[in-house]
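Worksheet: one structure, shown below.
Residue numbers (the numbering used here): 42 to 147.
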């Protein structure tokens with residue numbers, strides 16, 4: 042086949058790309074529309090979340106709230122969080138930790 046297409050014309054790579062562009066563009070725009078709506082919905086969902094803290098043992102606490110749990114290990118050198126993936130709840134997480142330690146989260 043070489044540089045020629047199936048109809049004997051010289052193959053133009055840009056022509057092939059331009060034929061596929063509308064499909065790819067609509068697929069990308071659809072994905073963006075779906076995923077851009079999710080953060081707004083998720084933010085509203087976090088507004089009502091209450092973070093509660095419970096002792097597990099000295100220096101170890103469990104923070105619970107809708108959507109997940111976090112373990113905090115507190116000591117004289119700071120606080121270590123395990124599984125802190127809820128950025129919208131950062132202020133509430135810090136407020137709950139302030140009830141058991143004055144050490145910074147590291």
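Just so it is clear, CB atoms sit at the ideal spot from N, CA and C, and this is done for glycine as well.
Three-state secondary structure assigned by DSSP to residue i
{"i": "residue 107", "result": "coil"}
{"i": "residue 136", "result": "helix"}
{"i": "residue 128", "result": "helix"}
Between the CA atoms of residue j and residue i - distance to the nearest angstrom
{"i": "residue 142", "j": "residue 100", "result": "9 Å"}
{"i": "residue 121", "j": "residue 115", "result": "6 Å"}
{"i": "residue 106", "j": "residue 138", "result": "13 Å"}
{"i": "residue 96", "j": "residue 126", "result": "20 Å"}
{"i": "residue 102", "j": "residue 94", "result": "7 Å"}
{"i": "residue 104", "j": "residue 98", "result": "13 Å"}
{"i": "residue 109", "j": "residue 90", "result": "11 Å"}
8 Å CB neighbourhood of residue i in its chain, flanking five on each side removed
{"i": "residue 136", "result": "92"}
{"i": "residue 123", "result": "111, 112, 113 and 114"}
{"i": "residue 118", "result": "144 and 147"}
Close-in-space but distant-in-sequence residues of the same chain around residue i (CB under 7 Å, 5 per side omitted)
{"i": "residue 87", "result": "129 and 130"}
{"i": "residue 140", "result": "94"}
Cutoff 6 Å; reference residue i; Cβ partners in own chain excluding five residues on either side
{"i": "residue 133", "result": "92"}
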